[in-house]
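A short write-up of the structure that comes next.
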Amino acid sequence: MTLAVATASWKPLVSLGFTVALLAGQLSHALPPMYSNHWAIYLGSFVALGFIMWTAPPRLRFITGGANVVAAAVMAFLMLSWRYGDGVGWYPPAYAGDRWMMQDYGWQLLALLLVIAGACAAVGLLLALYQERGSLFRARELAQSSMKETEIDLIVEQERTRIARDLHDVLAHSLAVIAAQADGTRYLSKDQPKVVLNALDTIARSARSALVDAQRVIEGVRDDGMVTPQPRLGDIPALIEGMQRGSLKIHPSESGSPVELSTGQEMAVFRIVQECLTNALKHGGRGTDVRLHFDWSGPGLTLHVASAVDPAEQDGATNPATARVGRGLPGMRERAHLAGGWLTAGPDGEHFRVTVFIPYGTRETRVADDTAGAEAGGNLGEISGAEAQPALAATGLPVPVGAAREAADCG
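Below is the structure:
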């Protein structure tokens, strides 16, 4: 019974097994029967029942409760039968046999044992209900605390949205003024050198483009839930044309048959090209040569970008003390990774090279159009591996022959 009480909360079935072992041992005379002052040992089974009702799951509670009812009946028989307890000193000896003894006193003793077992089980259930109620109170407090935190986060997010829209209004006004002033100065300064007029035109176009980009970033999604248009591969020629007006010497080329990419992959390619050209203008300055090659001949799109590096910038990059880690390269790597590919970047002699690989699933079969290829590229037919009209040339953007030949020779 000590072992039954000790294992009740840990292993309810093992605890029940100890009670069964005690009663089975007494029925088989392997253990001595109860004496008049030993009958209280049986109460250990009911104490174990209380612990089981407190800690066990509902199914085990029903099993243990039913087993204790049977055990109480066996205990009453062991205490009254002339073969075992013979009344344990309370009842007269069973001279007439067990039948009359059980008939006269069995129900009384069984009822007493069941009352004791029921009291112990009730205490265990009350403790379980009290513990469950405490858990419910703690869960409610946790839910209320979480609700308050969520409400605070919502208020903060609303405030951030308000600040973002205020910032958008400020940027919209400032960029609109910049574009208007640049256009006005360009129109009033017709006698100025062409370089100055080009610079003013670039300032106006950049201000308008920045205004549109700021709108896309801050608003993100329209009120009707439709996502705002995202840049695609077809927007790259316009991007290159705009950067060329900013005095970058861009030499685009293409090889292989273009394959349709997913919307996310096209946006990633556009943003990577945009970042590469911006970095070339930032670190190389005006007049920087940029080689841009799209290779569609492999299992995915391979993009090669090579730009000349200013000597001062190159010395700063090789000096760890002055080198500064920006957000451009990590951002491009993250975009390439999210598109399923990879990106490598680094200086290579007098150039800074960026290589991007974006895989695609099934390659579409396309028939080469020799006439369109001749009209778009002139001598592009001399490039080995050119199977179709380049997509950049097809949009109307001229593709330099030397750049295409150099890209093809580099693989």
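To convert, take the position in the sequence shown, counting from 1, and add 40; that gives our numbering.
Note that the Cβ used here is the ideal one computed from N, Cα and C, for glycine as well.
Return the chain-ordered list of same chain residues with a C-beta closer than 8 Å to the C-beta of residue i, the five sequence neighbours on each side being excluded.
i	result
Leu240	Ala222, Asp223, Thr225, Arg226, Ser229
Gly482	Because the chain here runs from 41 to 451, residue 482 falls outside it and cannot be looked at.
Pro133	Trp122, Asp126, Gly127
Val54	Thr47
Gly65	Leu71
Arg272	Thr303, Glu306, Met307, Phe310
Trp130	Ser76
Any idea what DSSP makes of residue i, helix, strand or coil?
i	result
Asp388	strand
Ala96	coil
Asp231	coil
Met266	With a pLDDT of 44 at Met266, under the threshold of 50, the predicted position of this residue should be treated as unreliable, and no value is reported.
Val347	Note that residue 347 is Ser in the sequence shown here, rather than Val. Three-state DSSP puts Ser347 in a strand.
Pro271	coil
Thr342	strand
Ala361	With a pLDDT of only 43 at Ala361, under 50, the local geometry of the prediction cannot be trusted, and the value read off the model is given with reservation. Coil, per DSSP.
Thr47	coil
Thr328	coil
His377	helix
Ala70	coil
Tyr75	coil
Gly125	coil
Asn419	Since pLDDT at Asn419 reaches only 36, below the 50 mark, its modelled position is unreliable, and the value read off the structure follows with that caveat. Correct three-state label for Asn419: helix.
Val60	helix
Tyr170	helix
Leu301	coil
Leu288	coil
Pro277	helix
Trp140	helix
Trp147	helix
Pro370	helix
Pro132	coil
Met119	helix
Met283	helix
Met187	helix
Met41	coil
Might you give, ordered along the chain, the residues of its own chain that have their beta carbon closer than 6 Å to the beta carbon of residue i, omitting 5 neighbours on each side?
i	result
Ala96	Pro52
Ala346	Arg331, His391, Arg393
His69	none
Phe86	Ile156, Ala157, Cys160
Gln270	Met307
Arg202	none
Phe58	Leu43, Ala44
Ala244	Ala219, Ala222, Asp223
Met372	Ile312, Glu315, Leu383
Quick one: measure Cβ to Cβ for residue i and residue j, integer angstroms, because I've assumed they're closer than 8 Å.
i	j	result
Ile276	Met283	That belief does not hold up - the Cβ atoms of Ile276 and Met283 are roughly 10 Å apart, past 8 Å.
Asp88	Val45	The residue you asked about is not Asp; residue 88 is Ala in the sequence shown. Between Val45 and Ala88 the Cβ distance is about 5 Å, and since that is below 8 Å, they are a contact.
Val399	Gly340	The question names Val, but residue 399 in the sequence shown is Pro. Rounded, the Cβ-Cβ distance is 4 Å, consistent with contact.
Leu343	Val396	4 Å
Ala247	Ala219	4 Å
Ala215	Ala250	According to the sequence as given, residue 215 is Leu; it is not Ala. Contact holds; Cβ gap of about 6 Å.
Val109	Leu154	7 Å
Val163	Gly90	5 Å
Leu150	Ala113	6 Å
Ser293	Trp336	In fact, because the Cβ distance is near 12 Å, the residues do not count as touching under 8 Å.
Ile81	Met142	Between Met142 and Ile81 the Cβ distance is about 21 Å, and since that is not below 8 Å, they are no contact.
Pro73	Tyr124	4 Å
Could you pull the DSSP bridge partners for residue i from this structure?
i	result
Ser293	His333
Trp382	Phe397
CB-CB under 7 Å to residue i, same chain, minus the five flanking residues each way: which ones, in chain order?
i	result
Asp350	His323, Gly324, Gly325
Gly368	Glu315, Asn319
Leu165	Met93
Leu471	Beyond the ends of the chain as shown, which are 41 and 451, falls residue 471; an answer cannot be given.
Ala348	Gly324, Thr328, Asp329, Glu390, His391
Would residue i count as contacting chain B if we go by Cβ distances under 7 Å?
i	result
Thr42	Of the protein chains in this structure there is only one, and it is not chain B.
At least 3 beta-carbon pairs within less than 8 Å: the stretch 298-316 vs the stretch 376-383: yes
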